[in-house]
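**Student:**
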Amino acid sequence: MTSVVSVDSLCVAYRSGGREVPVVREVSLEVAPGRTLALVGESGSGKSTVAATLLGHLRHGSRVTGGRVHVDGRDVFALPARELRQLRGGTVAMVAQNAGQALTPTMRIGRQIAEAGGEMPVVDLLDQVRLPRPAELARRYPHELSGGQQQRVAIAMAIAARPKVLVLDEPTTGLDVITQRGVLDLIAALRDELGLAAVLVSHDLGVVAHLADEVCVLNAGRVVEAAATRRLFTAPQDPYTKRLLASVPRLDDPGLAVVNEAGERTVRARAAVPDGAPVAVAASDVTVDYGSARAVHGVSFAVRRGEVLALVGESGSGKSTLAWTLAGLRTPSGGTMSHEAGDLGRPAPKRPLALRRRVQLVFQNADTSLNPRRSVGDAVSRPLRFFGTATGRTDADEQARRLISDVRLDPALADRLPAQLSGGQRQRIGIARALAGEPDVLIADEITTALDVSVQAEVLRLLDDLRRERDLACLFISHDLAVVRGVADRVVVLRRGVVVEEGPTEAVFGAPGHPYTRRLMAAALEPDPDAPGLPEDTPEWVDAAGTDGIWTDLGDGHRVRHWQPVNTPVAEGVS
Amino acid sequence: MLSFTLRRLASAVGTLFLSSVLVFLAVQALPGDVATQILGKDATPDAVAALRQQLGLDRPAWERYVDWIKGALHGDFGTSLVSGKGVGGEVAQYLGNSALIAFVTVLFAVTGSLVLGVLAGLYRDRWPDHLISTVSLVGMSVPEFVVATVLVLCFSVALPWFPAVVLYGPEAGVGQLLPAVWLPALALAVVMAAYIVRMARTSVIDVMAGEFVTTARLKGLSTWRIVTRHALPSALLPTLHVIALNVAWLAGGVAVVENVFNYPGIGKLMLSSVQNRDLPVIQAIALVSAVIYVVCNLAADLGAMALNPRLRTRGRTR
Amino acid sequence: MTALDTTPATTAATPAGPHAVTRAWRALRSSRTALVGLAVVAVHILVALLAPLLTSYDPIAGDASQALLGPSPQHWAGTDQYGRDVLARVLYGGRYALGVSVAATLVTVALGTVVGCAAALRGGWFDDLLGRVLDAILSVPSILALLVVVTALGTGPAVIVLAIAVVYVPQVVRVVRGAALAVVPMDYVTAARARGESTWAILRREVLPNITDVVCVEFAMRASWVVLLISSLSFLGFGADPPTPDWGLMVAENRTAITVVPMASLAPIIALATLVVGLNLAADGLAKAWGVDRIREGS
Amino acid sequence: MPDTHLPGRRSVLAAGAAAAASLGASWLLTGCTGAAAAPGLTAAALPGTPDPGGTLRIARPPASDAETLDPASSLSAYEYLGALYNRLVRVGADGELAPDLAESWESDAKARTWTFRLRKGVTFHDGRAFTSADAAYTLRHILDKATASPQAAVLAPLVDPGTLRTPDAHTLVVPLKTPNAEFPSLLTHYNCYVIPDGSAKGIGRTGTGTGPFKLESFAPAGPGRVTANKDHWAGRPVLDAIAFYSVADMSARAGALLAGQVDLLSQTNLDFATARVVAASDRATVTRVKDAQWYVLPMLTTEKPFTDVRVRQAMKLAYDPEHVVKAALQGAGTAGWDNPVPPSDPAHIAAHPAHDPEQARHLLKQAGHEGLTVDLYTSSYDPLFTPMALAYQDSAKRAGIRIRVRTAAADSYYTQIWMKKPLMATYWFTGRPVDQLFTQIFRSGSSYNETAWADKEFDVVLDRARAETDDTRRRELYGEAQTLVIERGGAMTPMFADRLVGISREVRGYAEHGFEFDYLSIGVKGA
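Chains as they are written, first to last, in my numbering: chain A, 74 to 648; chain B, 822 to 1139; chain C, 125 to 423; chain D, -9 to 517.
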């Protein structure tokens, strides 16, 4: 069976400041009709560039310096403009990463889909991608749809003209776990139904394991390994692939995975928290409002010294709001928050200096957390002098260098500007800055989300070491269950501002009591091709925390909020 | 959508109120007592006092301000100190003449600059872009009176196609003024277009680099369809505000050009009223210009709303 | 640190972080437009300063018998109606235009930057009120505002600097506030706020360093507009008093003689245009070199 | 960051070239016409006879927004009057009185009752015949309080409207309250144009007169047009029509002339710079009206130090009028030697004390004002004030008098400076009859007495001259009056300057005297 897509020794280079920077080096791959090939690699590996060449598209300023791309037998880059347009119209279609940006904001959905050609009426297409009330939706504008709905519209647009090849560039990045799972299942169903050849670009090994038939691993523009999915996951040959697979946290890891040079993976057990550890910070019945809407409905939790408490939930669950409220950057509308050294109710600037330094926040996005115009050392020494930890300028600089080495970075980096550091390095400087006030509570707001898998593992391990060495109470916010499993001692699961389940990590992950927790766990994709599909048995439920008590206690601090199944299946409306 | 317009209207009225206060205070600060200005030669102290009393100048400032605003609301701006005629009528007449220039200018400038801006944006870094950017740069660097002077040199003196100077008074009909409108309009259009071209070019480049344009291109659409259907509506949005600001600038910019062509417009009246310290006329012109500014901005906002569905459907939730 | 820690390809590992100014200068040198622009402006400044050396003619004293001569070996740009050498007046003319415009721009941009940053940082009612007042000032045409101020206080250079500040500060505030608003939500500002740093400290340490590029571009752009405005003022007879040599005034004076000695009007026009083109090129070059979106912000 | 990529090197050069080219081209286009040598000021308009017909386009400053065609009014639209009306008596080219609607006139022995024989067969534009009733009505209209005519101040002390008699349709008898031999000369003023009987209410708009042109259209401070009156009693005018444009701004009027949009600038004394430009242009030129402007440096005789006549005489002897003429006017005028009566006036006497700085210094020492320092006010109201002031300062320095020249704002010059500061610069049009000149400006208590001079002997001489019927005797008396003004008056008259009138090179037959030009003979070449 001849392949519908064949790329041989493709080279692409990007011109910047007079120098030619190679992005893709001699990449060759084949895709047969009906099969799905995944392009895997970290950011900057050139996977998106290769995918785009299938449609003859190159980013502004880059050009093909070698090799050829054939789609459906035709050399894409040799096609005249009109035939290239026909190819893009009918033979190969692409689903972009961030659908919100990829849809024209000033045009109704229906017209954009109709524009893509093909005989299928728009309403049927919308139905095919399982979108509710298709007729009414067609008249809406992109900004009026949710992330998941926008992505489904993009898919409808791609399959409108019945293409032979579907290119998916990180189709579900940025979507919540449950929505992501829904979109992936839709893609799999359409692929089989229409017999499409698909090229999936992703950095998420779970997505790849779930969807791809073959996998091609890219590193810095070069193909390091290509094999059938099962064989690659079970017996990776190339050391880079091995390390990549090893550093992905697994749901069933009892602790943090440590990966050595050769890629062997050992899981480090978590240190138990001493029973007598004092409570560093406690929140009781905290509520936070955004204008008229209430983001957090009466949440209570406590974090003891040396313990890592994880707040888990989808976007919009209020976990970041809680973190920022604790750090004093938002004022709660109810409930109390207290710390050994005083009441945390007041906003940070108004808290006494002694209390202020004790609770520190580490930000999610490493790029914007450091002042680009000041050296990294400056960013750390400023709080040192502000909080009085260091007396003079020289003392502050010297302590700053020591802190930088504490976060496992070369102190010589102190004079560099943030732009000259990698994402991981910048995040560690963020942590060093937080440590400057000698805090006893550290709040980590999704600090690993923006990082590549390998870098993520190191930062987590650093956090784990620090809380042990410095006996820190650590509040860890994340939506990635596998990461939480590895680093947290106790877990609190949040849904729309309400705690649905909490307890020790082993208990919650071992035997999830609440249906929502179970659904989250099931939707999380393990990097293991033969992981079970989405179990259909999770019943629909509705909250039942009524007058007769809120919690059912499952022992040893593991509690679940009352709920009851709902027998009549509500129309499966996708939010 | 309605709530957005209402809020926008309320802030427009607020701005107008504030600028009327500013104008009133600024004009009161002008030196030279109004009464002595009128009486001139035989300004004996008692005659001055009598006139001040007659004009109500001895009343406290805020009382006079309230009278002025009440009058202004129904078109009565008091009487001019120089001509003795009703200020409202006079300003309306001069404004009408200037509107003639403004209309032609906006017609030339906006259409011309949008076309050029889009062209420059589409042919980025190629010769059309270089040519248009260079011309707009020079256009922006030369003040209106210079462009007007050069136009007079070329098209009135060397080639007597257009009148160098307007010989008619403010009450001249459109027929008499029409031949004299083209050069001032062209002078203003050159300067105004220069700004709009640069704005249009930047936003076209911005939009064409947007992801949705790439998606449209990867859907196999023709370049023309991509530009007109997908790129232009979003590209025009930021340009609208620059156009609105420039139209409002016309109320001031006209003064210099009208002085060159002795054109009986609001600009010329502004200059003469300041020279003669004709306070009611100055106040009236400032207020009218403020209204024009606010109306232009409002029009730009409403235009933006028409173009940008995100604003229009803010109310509807998912 | 395992080998996996792939430093992104674009950030070349340079030695110790260069000081901000040298970094800015290196970026500037890379943009030809900025260099050409700054060169033109430099030439104008030099000519204005060295005018007495470049021409032996007195720009003010006129000789009636030498009036209205076309360009000739003795008078390269001919003479005006009063018999004064046009070239001399153009050379000296730069002094008034450059002197007043640089002073006016400095005052305006400095004031505008402080107010703009404060508005962006403080936010809330202060920001709204300020926005409303600025909008009111902007609604009055700049020419009228200038005329009123100049008529009230006379046409001395100091008055003109004040008048221009009154007219242009609102626009500078709007641009700087826009730039500062882009910086304020950044996490490093939030972190500083969480530490409890004072508004002034945040402004000085965190916000200002990040908008200096916008402020510099705004300075160059505003200077070009101020030169235009000053020449328009002189043209209308509200700027420099005769017989001081000023380009706007020269165009006004020689306009009637344009049919007889066009050069008497064209020489100041060319001088004015080249200076402003220079300033604009510098502003555009700076904007591109430092990645500031000059056009969108400044209307 | 959007890439606002701007022109690379190639187009930056293009920018420089484009700017220069676009401006330079227009310069080459017109061909630099700057004449090599400084353009001399031609003496008079181009000679030669005009072609019949054609339209003359005049740019004029509007008297005011409420200007009117009523000749007697202070807001009369000055340029229209000469075209629409005639007077009883007018001033001839030689400065002597000449008949207009009055063919002849004579007075009784004591010059108290004047009889005017009116021209027959003259009709107004609306066809009605001109009779003595119209002439009488015109005088009554001028003297009527409601008209508030400036000329009333001159005629009211002489004429009682009630005593006018019209014995027959073509004779007007005017009995005077006090004898005045110069009475007919007072009727040459442009307020005295004849209007139809009973037309006061409408004349402001209709402009019905007996003049060479009929009114076609008139808008106050706006455009207007008059067409040739075919059956005019003194013959059809050369032109078909005259179009009037009111342009308030002086440089705009000059611009219109240079661009060929108008043919004549009326009531505009071009400053030297503009005059040189107009003279050098190929479409227009400058014509000169000899001694049309009388420049004065009035000293307030009621203010120290000018209360002392010796100081006044010293100030006059200290400066040399010839120097002032050369420095301020580059010779385009004649020295005044402090005599307000211009040389062109028949009553002018040539005698005057010579320039004597030593005598001035001696007189000042005598008066105790050694090393006198005094402020001389000037302004840009008229282009020649400052040059005259500087020339006087320069000349008076030799006599040890230090003059400080102060410039005042033009728009408030005649409200804050004139008749208020001890020494300032001002000017008048010449062409006033000698009696009107002395009565209005030098008689004690007169409204325009800018030197606040009150000299009994001068008033007596003036009254005797007015009553003297014998022409030669009367002229001697006016001569005595002039000598008194020169010796004891407060007004220094350094010079009479020519008025420079901007006119198109196509205009022929332009002759101006006594405020107006000859509407009959003026025409356009190549009409």
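Here a beta-carbon is modelled for each residue, glycine too, at the ideal position from N, C-alpha and C.
Once DSSP output is grouped into helix, strand and coil, what is the label at D:L31?
**Tutor:** Only weak support exists for where D:L31 lies, its pLDDT of 49 falling under 50; the coordinates are left without a value.
**Student:** Could you check how far apart the C-beta atoms of A:L384 and A:I550 are, in whole angstroms? I think they sit under 8 Å.
**Tutor:** A:L384 to A:I550, Cβ: 5 Å. Contact.
**Student:** Taking the alpha helix (DSSP H) that C:L403 belongs to, which residues open and close that run?
**Tutor:** Looking at the DSSP string, the run of the alpha helix (DSSP H) that includes C:L403 is P386 to A413.
**Student:** What first and last residue would you give for the beta strand (DSSP E) that runs through A:W636?
**Tutor:** Here the beta strand (DSSP E) through A:W636 covers W636 to P638.
**Student:** Checking 8 Å against the spacing of the C-beta atoms, do A:V514 and A:R458 come in under that value?
**Tutor:** No, the pair does not count as a contact, with Cβ atoms beyond the cut-off.
**Student:** Within the region 107 to 151 of chain A, note down every full alpha helix (DSSP H) run reaching 4 residues or more, in order along the chain.
**Tutor:** DSSP runs (the alpha helix (DSSP H)) wholly in the region 107 to 151 of chain A: 120 to 126.
**Student:** By Cβ distance below 7 Å, which residues in the same chain neighbour D:T292 in space, the five residues on each side in sequence not counted?
**Tutor:** Counting only Cβ-Cβ distances below 7 Å, and skipping sequence neighbours, we find A442.
**Student:** State yes or no: is the C-beta of A:L567 within less than 8 Å of the C-beta of A:M594?
**Tutor:** Their beta carbons are not under 8 Å apart, which means A:L567 does not touch A:M594 by this criterion.
**Student:** Run down chain C in chain order and give the residues with a C-beta less than 8 Å from the C-beta of B:L958.
**Tutor:** By Cβ distance, chain C contributes V401, N404, L405 and D408.
**Student:** Given a cut-off of 8 Å, decide if D:P52 and D:A244 are closer than it, judged by their beta-carbon atoms.
**Tutor:** Taking 8 Å as the Cβ cut-off, D:A244 and D:P52 do not qualify as a contacting pair.
**Student:** Step through the CB atoms of chain B and report whether any lies within less than 8 Å of the CB of D:V299.
**Tutor:** False, the Cβ-Cβ gap to chain B never drops below 8 Å.
**Student:** Using beta carbons (cut-off 8 Å, strictly below), is C:Q198 in contact with chain D?
**Tutor:** Closer than 8 Å: no.
**Student:** Name, please, each residue of chain B whose Cβ falls closer than 7 Å to the Cβ of A:E188.
**Tutor:** Neighbours of A:E188 on chain B, chain order: K1040 and L1042.
**Student:** Leaving aside the five residues before and after A:P405 along the sequence, list all residues of the same chain whose C-beta is less than 6 Å from its C-beta, in chain order.
**Tutor:** Hits under 6 Å: V359, V361 and T398.
**Student:** The alpha helix (DSSP H) that contains D:D384, what's its start and end?
**Tutor:** F375 to K387 is the extent of the alpha helix (DSSP H) around D:D384.
**Student:** What are the boundary residues of the alpha helix (DSSP H) that includes D:S436?
**Tutor:** Premise fails: D:S436 is in no alpha helix (DSSP H) and is neither H nor E.
**Student:** Taking the Cβ atom as the reference point for each residue, do A:P312 and A:A282 lie within a distance shorter than 8 Å?
**Tutor:** Cβ atoms of A:P312 and A:A282: not closer than 8 Å.
**Student:** Check whether chain C comes within 8 Å of D:R456, counting only Cβ atoms and requiring the distance to be less than that.
**Tutor:** Chain C contact via Cβ: absent.
**Student:** Taking all protein chains shown into account, do 16 or more other C-beta atoms lie within 10 angstroms of the C-beta of A:A151, making it buried, or fewer, making it exposed?
**Tutor:** A:A151 comes out exposed.
**Student:** Just the Cα atoms here: how many angstroms apart are A:P425 and A:A396?
**Tutor:** Roughly 19 Å between the two C-alpha positions.
**Student:** Using 8 Å as the threshold, is the region 109 to 127 of chain A in touch with the region 273 to 289 of chain A, meaning 3 or more CB pairs across them?
**Tutor:** At 8 Å Cβ cutoff, the stretches touch.
**Student:** Quick one: using the 10 Å Cβ neighbour count with 16 as the cut-off for buried, is C:S263 buried or exposed?
**Tutor:** Flag for C:S263 reads buried.
**Student:** Strictly below 7 Å CB to CB, what residues from chain C border D:V267?
**Tutor:** Those are L192, Q205, T380, A381 and V384, listed as they occur along chain C.
**Student:** Does the Cβ of D:L490 have 16 or more other Cβ atoms within 10 Å, making it buried, or fewer, making it exposed?
**Tutor:** Its Cβ being crowded by 16 or more others within 10 Å, D:L490 is buried.
**Student:** Should B:F924 go down as buried or exposed, given a rule of 16 or more other Cβ atoms within 10 Å for buried?
**Tutor:** The residue is exposed, with fewer than 16 neighbouring Cβ atoms inside 10 Å.
**Student:** Per DSSP, A:D362 forms a beta bridge with which residues?
**Tutor:** The partner list for A:D362 (beta bridge, DSSP) reads A:R367.
**Student:** Leaving out the 5 sequence neighbours to the left and right, which residues in its chain are closer than 8 Å to A:A88 when beta-carbon positions are compared?
**Tutor:** Residue 88 of chain A is actually Arg in this sequence, not Ala. Only V94, G134, S135 and R136 meet the Cβ criterion.
**Student:** So within the region 475 to 554 of chain A, which uninterrupted beta strand (DSSP E) runs reach at least 3 residues, ignoring any that extend past its ends?
**Tutor:** List check, beta strand (DSSP E) in window: 514 to 518 and 546 to 551.
**Student:** Based on the DSSP output, what are the partners of A:R341 in its beta bridges?
**Tutor:** A:R341 pairs with A:L329.
**Student:** Leaving out the 5 sequence neighbours to the left and right, which residues in its chain are closer than 8 Å to A:P600 when beta-carbon positions are compared?
**Tutor:** L278, G279, V281, A282, F306, L318, V321 and R323, listed in sequence order.
**Student:** Determine the contact status of B:R1040 and A:A189, defining contact as a CB-CB distance below 8 Å.
**Tutor:** A small fix is needed here, since residue 1040 of chain B is Lys in this sequence, not Arg. Contact: yes.
**Student:** Applying a beta-carbon distance threshold of less than 9 Å, which residues of chain C neighbour B:F966?
**Tutor:** Result: S355, S356, F359, L360, G372, V375, A376 and R379.
**Student:** Leaving out the 5 sequence neighbours to the left and right, which residues in its chain are closer than 7 Å to C:A289 when beta-carbon positions are compared?
**Tutor:** Same-chain partners within the cutoff: A228, V231, T232 and L235.
**Student:** Under 8 Å, do C:G361 and C:A376 count as touching if we go by C-beta distance?
**Tutor:** The answer is yes: Cβ separation under 8 Å.
**Student:** Using a cut-off of 9 Å between C-beta atoms, extract the partners of C:A151 located in chain D.
**Tutor:** Going along chain D, no residue has its Cβ under 9 Å from C:A151, so there is no contact; the nearest lies around 12 Å.
**Student:** Take every Cβ of the region 222 to 235 of chain D, pair it with every Cβ of the region 1002 to 1012 of chain B, and state whether three or more of those distances are shorter than 8 Å.
**Tutor:** No: fewer than three Cβ pairs fall under 8 Å.
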